[in-house]
Amino acid sequence: MKDLERVELQIEEAKKIQKLRDAAIALTKNMHYKLVIEEGYFRDEASRLCLAKMASMSPTQQEKIDKMQYGPGALMEYISETIRRGQDVDNGIHELQETHTELLKEEANVA
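Heads up, the sequence shown is in my numbering, so the first residue is 1 and it goes up one at a time.
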């Protein structure tokens with residue numbers, strides 16, 4: 001694979017990451033997200049699961065609750081990481097675009 005093709009693929013991937021980041025940010029600002037995910041899942045469901053751990057349950061039920069308790073934190077981490085990765089890409093995409101322009105000039109000079 002030529003350097004130009006490699007840089008084009010990197011730019012394409014960076015744009016996908018930015019698009020996903022932008023969607024994650026828009027999602028977190030949506031009133032339905034706030035109601036269903038932030039209040040319903042992150043707060044209420046997480047609290048319910050913690051309280052359920054205190055109840056007398058069978059080992060199977062306890063195991064199910066243990067697994068479910070990872071959900072809110074994992075989703076929150078995924079959304080935060082998606083936004084962070086998009087911000088990281090913002091810092092590097094300009095360099096990739098400059099490299100792309102330089103490689104195009106080099107190819108034009110060779111041809």
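Cβ atoms here follow ideal geometry from the backbone N, Cα and C, with glycine treated the same way.
Buried versus exposed, by CB contacts within 10 Å (16 or more), A26: exposed
Local Cβ density within 10 Å of L35, reported as buried at 16 or more and exposed below that: exposed
Q18 and L96 closer than 8 Å at C-beta: no
Beta carbon of D3 nearer than 8 Å to that of L103: yes
L20 to Y78 span [Cα, whole Å]: 11 Å
Distance, M1 Cα to N109 Cα: 20 Å
Inter-residue Cα distance where the pair is F42 and A52: 15 Å
Delimiting residues of the alpha helix (DSSP H) encompassing A55: No alpha helix (DSSP H) contains A55, which DSSP labels as neither H nor E.
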